[in-house]
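**Student:** In the numbering used here, the protein residues as written are 9 to 306. Backbone N, C-alpha and C define an ideal beta-carbon position, used for all residues, glycine too. Attaching a single structure in C-alpha coordinates format; questions to follow.
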(Lines of atoms letter the chains of each structure in order from A; the text may use other names.)
(Lines give C-alpha, C1' and ligand atoms only; values in the text may rest on other atoms or scores of the structure.)
Protein backbone atom coordinates (compact mmCIF):
# COMPACT_ATOMS: atom_id res chain seq x y z
CA UNK A 9 0.00 0.00 0.00
CA UNK A 10 1.35 3.40 -1.01
CA UNK A 11 2.05 5.65 2.02
CA UNK A 12 0.09 8.84 2.42
CA UNK A 13 1.36 11.65 0.25
CA UNK A 14 2.73 14.39 2.51
CA UNK A 15 1.33 17.91 2.28
CA UNK A 16 3.07 21.08 3.42
CA UNK A 17 1.85 24.65 3.53
CA UNK A 18 4.16 27.60 2.84
CA UNK A 19 2.80 30.91 4.17
CA UNK A 20 4.71 34.04 3.14
CA UNK A 21 4.29 37.82 3.26
CA UNK A 22 4.68 38.47 -0.48
CA UNK A 23 4.27 41.76 -2.22
CA UNK A 24 2.66 41.02 -5.59
CA UNK A 25 4.93 41.83 -8.50
CA UNK A 26 8.16 41.34 -6.52
CA UNK A 27 10.18 38.90 -8.61
CA UNK A 28 12.04 37.78 -5.49
CA UNK A 29 9.07 35.69 -4.42
CA UNK A 30 8.51 34.08 -7.80
CA UNK A 31 12.04 32.67 -7.63
CA UNK A 32 11.37 31.49 -4.07
CA UNK A 33 8.23 29.78 -5.33
CA UNK A 34 10.22 28.07 -8.09
CA UNK A 35 12.36 26.54 -5.34
CA UNK A 36 9.28 25.37 -3.45
CA UNK A 37 7.76 23.69 -6.47
CA UNK A 38 10.98 22.12 -7.74
CA UNK A 39 11.54 20.53 -4.33
CA UNK A 40 7.89 19.42 -4.12
CA UNK A 41 8.36 17.56 -7.39
CA UNK A 42 11.72 16.12 -6.35
CA UNK A 43 10.43 14.79 -3.01
CA UNK A 44 6.97 13.84 -4.27
CA UNK A 45 5.01 15.99 -1.82
CA UNK A 46 2.19 18.50 -2.17
CA UNK A 47 3.01 22.11 -1.31
CA UNK A 48 0.35 24.80 -1.11
CA UNK A 49 1.71 28.34 -1.12
CA UNK A 50 -0.47 30.90 0.68
CA UNK A 51 0.28 34.63 0.51
CA UNK A 52 -1.75 37.73 1.31
CA UNK A 53 -0.85 39.60 -1.89
CA UNK A 54 0.18 42.71 0.04
CA UNK A 55 2.26 43.25 3.13
CA UNK A 56 -0.09 42.47 6.00
CA UNK A 57 1.18 40.31 8.87
CA UNK A 58 -2.39 40.26 10.18
CA UNK A 59 -3.71 38.70 6.97
CA UNK A 60 -0.76 36.32 6.97
CA UNK A 61 -1.67 35.30 10.54
CA UNK A 62 -5.15 34.38 9.29
CA UNK A 63 -3.61 32.29 6.52
CA UNK A 64 -1.48 30.45 9.08
CA UNK A 65 -4.62 29.74 11.09
CA UNK A 66 -6.30 28.35 7.99
CA UNK A 67 -3.29 26.19 7.20
CA UNK A 68 -3.28 24.87 10.77
CA UNK A 69 -6.96 24.00 10.54
CA UNK A 70 -6.14 21.83 7.49
CA UNK A 71 -3.72 19.76 9.67
CA UNK A 72 -0.90 19.52 7.13
CA UNK A 73 2.28 17.55 7.72
CA UNK A 74 4.31 20.75 8.06
CA UNK A 75 4.14 24.54 7.81
CA UNK A 76 6.86 26.73 6.30
CA UNK A 77 6.43 30.38 7.29
CA UNK A 78 8.06 33.77 7.18
CA UNK A 79 8.00 35.86 10.36
CA UNK A 80 7.94 39.49 9.18
CA UNK A 81 6.33 40.77 12.39
CA UNK A 82 6.54 38.65 15.53
CA UNK A 83 3.50 40.13 17.28
CA UNK A 84 1.16 39.18 14.44
CA UNK A 85 2.23 35.61 13.74
CA UNK A 86 3.46 34.47 17.16
CA UNK A 87 0.14 33.07 18.42
CA UNK A 88 -0.94 31.21 15.25
CA UNK A 89 2.48 29.61 14.78
CA UNK A 90 2.63 28.55 18.43
CA UNK A 91 -0.85 27.09 18.03
CA UNK A 92 0.24 25.07 15.00
CA UNK A 93 3.26 23.73 16.89
CA UNK A 94 1.10 22.91 19.93
CA UNK A 95 -1.13 20.84 17.63
CA UNK A 96 1.86 18.76 16.57
CA UNK A 97 2.56 20.44 13.21
CA UNK A 98 6.28 21.02 12.64
CA UNK A 99 7.19 24.56 11.58
CA UNK A 100 10.27 25.83 9.74
CA UNK A 101 10.86 29.60 9.63
CA UNK A 102 12.12 31.01 6.35
CA UNK A 103 13.33 34.36 4.98
CA UNK A 104 12.41 36.38 8.10
CA UNK A 105 12.89 34.90 11.56
CA UNK A 106 11.95 35.61 15.17
CA UNK A 107 14.90 37.69 16.48
CA UNK A 108 14.40 36.77 20.12
CA UNK A 109 16.69 34.30 21.97
CA UNK A 110 15.87 30.62 21.51
CA UNK A 111 14.13 30.27 24.87
CA UNK A 112 11.80 33.18 24.06
CA UNK A 113 11.24 32.86 20.33
CA UNK A 114 8.54 30.88 18.56
CA UNK A 115 9.67 27.24 18.93
CA UNK A 116 10.00 26.42 15.23
CA UNK A 117 12.51 23.73 14.24
CA UNK A 118 15.08 26.09 12.71
CA UNK A 119 15.40 28.98 10.25
CA UNK A 120 16.39 28.92 6.58
CA UNK A 121 17.28 32.26 4.99
CA UNK A 122 19.66 35.18 4.87
CA UNK A 123 21.64 36.70 7.72
CA UNK A 124 20.30 40.18 7.12
CA UNK A 125 22.28 42.22 9.68
CA UNK A 126 25.50 40.71 8.36
CA UNK A 127 24.28 41.35 4.81
CA UNK A 128 23.74 45.03 5.63
CA UNK A 129 27.26 45.28 7.06
CA UNK A 130 28.70 43.63 3.96
CA UNK A 131 26.82 46.11 1.75
CA UNK A 132 28.13 49.05 3.76
CA UNK A 133 31.70 47.74 3.89
CA UNK A 134 31.61 47.10 0.12
CA UNK A 135 30.58 50.67 -0.66
CA UNK A 136 33.11 52.13 1.76
CA UNK A 137 35.95 50.05 0.34
CA UNK A 138 35.06 50.49 -3.33
CA UNK A 139 33.83 54.11 -3.43
CA UNK A 140 35.14 56.02 -0.35
CA UNK A 141 31.81 57.82 0.29
CA UNK A 142 31.17 60.95 2.36
CA UNK A 143 27.67 60.00 3.52
CA UNK A 144 25.12 57.28 2.89
CA UNK A 145 21.41 56.69 2.67
CA UNK A 146 19.29 53.55 2.71
CA UNK A 147 16.08 53.48 0.67
CA UNK A 148 13.49 51.25 2.34
CA UNK A 149 10.55 50.44 0.05
CA UNK A 150 8.32 49.56 3.02
CA UNK A 151 6.56 52.30 4.96
CA UNK A 152 6.29 50.02 7.99
CA UNK A 153 8.56 47.94 10.17
CA UNK A 154 9.77 44.70 8.66
CA UNK A 155 12.34 42.50 10.37
CA UNK A 156 14.47 41.80 7.28
CA UNK A 157 14.60 45.43 6.18
CA UNK A 158 15.33 46.69 9.68
CA UNK A 159 18.17 44.19 10.05
CA UNK A 160 19.65 45.14 6.67
CA UNK A 161 19.53 48.83 7.55
CA UNK A 162 21.00 48.14 11.00
CA UNK A 163 23.99 46.36 9.48
CA UNK A 164 24.47 49.08 6.85
CA UNK A 165 24.35 51.74 9.57
CA UNK A 166 26.87 49.80 11.67
CA UNK A 167 29.36 49.70 8.79
CA UNK A 168 29.11 53.45 8.19
CA UNK A 169 29.14 54.28 11.91
CA UNK A 170 32.34 52.27 12.37
CA UNK A 171 34.03 54.60 9.87
CA UNK A 172 32.51 57.77 11.33
CA UNK A 173 30.27 58.29 8.30
CA UNK A 174 26.68 59.59 8.54
CA UNK A 175 23.81 57.52 7.13
CA UNK A 176 20.06 57.96 6.97
CA UNK A 177 17.01 55.84 6.14
CA UNK A 178 14.40 56.98 3.64
CA UNK A 179 11.09 55.13 3.52
CA UNK A 180 9.22 55.15 0.21
CA UNK A 181 5.90 53.55 -0.85
CA UNK A 182 7.10 50.46 -2.72
CA UNK A 183 3.83 49.97 -4.58
CA UNK A 184 3.96 53.41 -6.26
CA UNK A 185 6.97 53.60 -8.57
CA UNK A 186 6.54 57.27 -9.49
CA UNK A 187 6.16 58.39 -5.88
CA UNK A 188 9.24 56.37 -4.92
CA UNK A 189 11.36 57.98 -7.64
CA UNK A 190 10.22 61.48 -6.70
CA UNK A 191 10.95 60.88 -3.00
CA UNK A 192 14.45 59.60 -3.74
CA UNK A 193 15.19 62.45 -6.17
CA UNK A 194 13.99 65.04 -3.66
CA UNK A 195 16.13 63.57 -0.88
CA UNK A 196 19.24 63.46 -3.04
CA UNK A 197 18.73 67.06 -4.16
CA UNK A 198 18.37 68.25 -0.55
CA UNK A 199 21.30 66.18 0.74
CA UNK A 200 24.15 66.84 -1.67
CA UNK A 201 26.76 65.15 0.54
CA UNK A 202 25.08 61.76 0.12
CA UNK A 203 27.09 59.82 -2.45
CA UNK A 204 26.39 56.23 -1.38
CA UNK A 205 22.93 54.66 -1.66
CA UNK A 206 21.73 51.23 -0.52
CA UNK A 207 18.37 49.82 -1.59
CA UNK A 208 16.74 46.79 0.02
CA UNK A 209 15.32 45.02 -3.03
CA UNK A 210 14.07 45.47 -6.60
CA UNK A 211 11.35 48.09 -5.85
CA UNK A 212 13.85 50.34 -4.09
CA UNK A 213 16.49 49.73 -6.72
CA UNK A 214 14.04 50.75 -9.44
CA UNK A 215 13.23 53.94 -7.52
CA UNK A 216 16.88 54.97 -7.42
CA UNK A 217 17.40 54.16 -11.10
CA UNK A 218 14.32 56.21 -11.98
CA UNK A 219 15.39 59.06 -9.70
CA UNK A 220 18.59 59.44 -11.71
CA UNK A 221 16.46 60.49 -14.68
CA UNK A 222 14.90 63.29 -12.59
CA UNK A 223 18.20 64.83 -11.50
CA UNK A 224 20.93 66.73 -13.34
CA UNK A 225 23.69 64.50 -14.75
CA UNK A 226 26.33 66.01 -12.45
CA UNK A 227 24.53 64.65 -9.36
CA UNK A 228 26.26 61.30 -8.87
CA UNK A 229 26.27 58.50 -6.29
CA UNK A 230 27.21 54.84 -5.92
CA UNK A 231 24.37 52.35 -5.57
CA UNK A 232 24.37 48.92 -3.93
CA UNK A 233 21.21 46.86 -3.60
CA UNK A 234 19.81 43.52 -2.41
CA UNK A 235 18.50 40.48 -4.27
CA UNK A 236 19.17 39.32 -7.82
CA UNK A 237 16.81 39.99 -10.72
CA UNK A 238 17.26 41.19 -14.28
CA UNK A 239 16.92 44.76 -13.01
CA UNK A 240 20.02 44.40 -10.86
CA UNK A 241 21.90 42.46 -13.54
CA UNK A 242 21.29 45.23 -16.08
CA UNK A 243 22.21 47.89 -13.51
CA UNK A 244 25.53 46.25 -12.74
CA UNK A 245 26.33 45.85 -16.42
CA UNK A 246 25.53 49.52 -17.10
CA UNK A 247 27.51 50.73 -14.08
CA UNK A 248 24.47 52.26 -12.37
CA UNK A 249 24.69 49.61 -9.62
CA UNK A 250 28.03 48.55 -8.19
CA UNK A 251 26.84 45.28 -6.60
CA UNK A 252 23.88 43.44 -5.14
CA UNK A 253 23.64 41.26 -2.04
CA UNK A 254 21.98 37.93 -2.77
CA UNK A 255 20.11 35.89 -0.13
CA UNK A 256 19.55 33.10 -2.71
CA UNK A 257 15.81 32.79 -2.21
CA UNK A 258 15.50 29.78 -4.51
CA UNK A 259 17.41 27.87 -1.86
CA UNK A 260 15.06 29.18 0.82
CA UNK A 261 12.14 27.63 -1.03
CA UNK A 262 13.88 24.44 -2.09
CA UNK A 263 15.64 23.69 1.19
CA UNK A 264 12.56 24.39 3.30
CA UNK A 265 10.61 21.67 1.46
CA UNK A 266 13.60 19.34 1.41
CA UNK A 267 14.28 19.77 5.12
CA UNK A 268 10.61 19.44 6.07
CA UNK A 269 10.48 16.18 4.10
CA UNK A 270 13.70 15.02 5.79
CA UNK A 271 12.15 15.79 9.18
CA UNK A 272 8.70 14.29 8.62
CA UNK A 273 9.61 11.30 6.45
CA UNK A 274 13.10 10.51 7.73
CA UNK A 275 13.22 11.92 11.29
CA UNK A 276 16.11 14.34 10.73
CA UNK A 277 16.30 17.84 12.25
CA UNK A 278 19.02 20.43 11.70
CA UNK A 279 20.91 21.39 14.86
CA UNK A 280 21.04 25.05 13.85
CA UNK A 281 19.80 27.59 11.33
CA UNK A 282 20.72 27.33 7.64
CA UNK A 283 21.93 30.58 6.07
CA UNK A 284 21.47 30.99 2.32
CA UNK A 285 23.18 34.40 2.21
CA UNK A 286 24.64 36.93 2.04
CA UNK A 287 26.50 36.46 -1.23
CA UNK A 288 27.89 39.41 -3.19
CA UNK A 289 27.14 39.68 -6.91
CA UNK A 290 29.12 42.27 -8.87
CA UNK A 291 30.90 42.63 -12.22
CA UNK A 292 33.24 39.78 -11.29
CA UNK A 293 30.56 37.07 -11.13
CA UNK A 294 27.68 38.66 -13.01
CA UNK A 295 27.59 36.04 -15.79
CA UNK A 296 26.83 33.17 -13.41
CA UNK A 297 24.16 35.23 -11.65
CA UNK A 298 22.48 36.18 -14.92
CA UNK A 299 22.42 32.52 -16.01
CA UNK A 300 20.56 31.78 -12.77
CA UNK A 301 18.07 34.57 -13.43
CA UNK A 302 17.34 33.11 -16.87
CA UNK A 303 16.79 29.67 -15.28
CA UNK A 304 14.52 31.12 -12.62
CA UNK A 305 16.82 30.10 -9.78
CA UNK A 306 18.37 33.49 -8.92
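Which one of 265, 207, 278, 266 has the shortest CA to CA distance from residue 248?
**Tutor:** Minimum Cα distance to residue 248 is reached at 207.
**Student:** Please report the distance separating the alpha-carbon of residue 37 from that of residue 47.
**Tutor:** 7 Å
**Student:** I'd like the list of long-range same chain contacts for residue 118, defined as Cβ closer than 6 Å, with 5 residues on each side in sequence excluded.
**Tutor:** Within its own chain, the residues whose Cβ lies closer than 6 Å to the Cβ of residue 118, once the five positions on either side in sequence are excluded, are 278, 281, listed in chain order.
**Student:** Using the C-alpha atoms, what's the distance from residue 175 back to residue 165?
**Tutor:** 6 Å
**Student:** Could you check what DSSP says for residue 9 in three-state terms: helix, strand or coil?
**Tutor:** Bear in mind that a pLDDT of 38 at residue 9, under 50, signals an unreliable position, so the number given afterwards is only what the model happens to contain. Residue 9: coil per DSSP, three-state reduction.
**Student:** Would residue 149 and residue 192 be called neighbours here (beta carbons separated by less than 8 Å)?
**Tutor:** Residue 149 places its beta carbon 8 Å or farther from that of residue 192.
**Student:** When DSSP builds the beta bridges, which residues end up paired with residue 282?
**Tutor:** 120
**Student:** Can you confirm whether the segment 79-93 touches the segment 101-121 when touching is taken to mean that 3 or more C-beta pairs between the two stretches lie within less than 8 Å?
**Tutor:** yes
**Student:** Should residue 31 and residue 257 be called a contact, given that it needs their Cβ atoms to be closer than 8 Å?
**Tutor:** yes
**Student:** Using only CA atoms, which one of 76, 168, 97 lies nearest to residue 69?
**Tutor:** 97
**Student:** In the segment 225-279, which residue ranges form an unbroken alpha helix (DSSP H) of at least 4 residues, counting only runs that do not cross its ends?
**Tutor:** Within the segment 225-279, the complete alpha helix (DSSP H) runs of at least 4 residues fall at 238-246, 257-274.
**Student:** Near residue 290, what residues of its chain come up, given a Cβ to Cβ distance below 7 Å and the 5 sequence neighbours on each side ignored?
**Tutor:** 244, 250, 251
**Student:** Which residue's Cα is closest to the Cα of residue 115: 121, 99, 127, 73?
**Tutor:** 99
**Student:** Cα separation between residue 113 and residue 221?
**Tutor:** 45 Å
**Student:** Which runs of the alpha helix (DSSP H) at least 4 residues long sit entirely within the segment 34-79? Give them in chain order.
**Tutor:** Within the segment 34-79, the complete alpha helix (DSSP H) runs of at least 4 residues are 57-69.
**Student:** Do you know how far the Cα of residue 226 is from the Cα of residue 307?
**Tutor:** What is shown of the chain runs 9 to 306, which leaves residue 307 out entirely.
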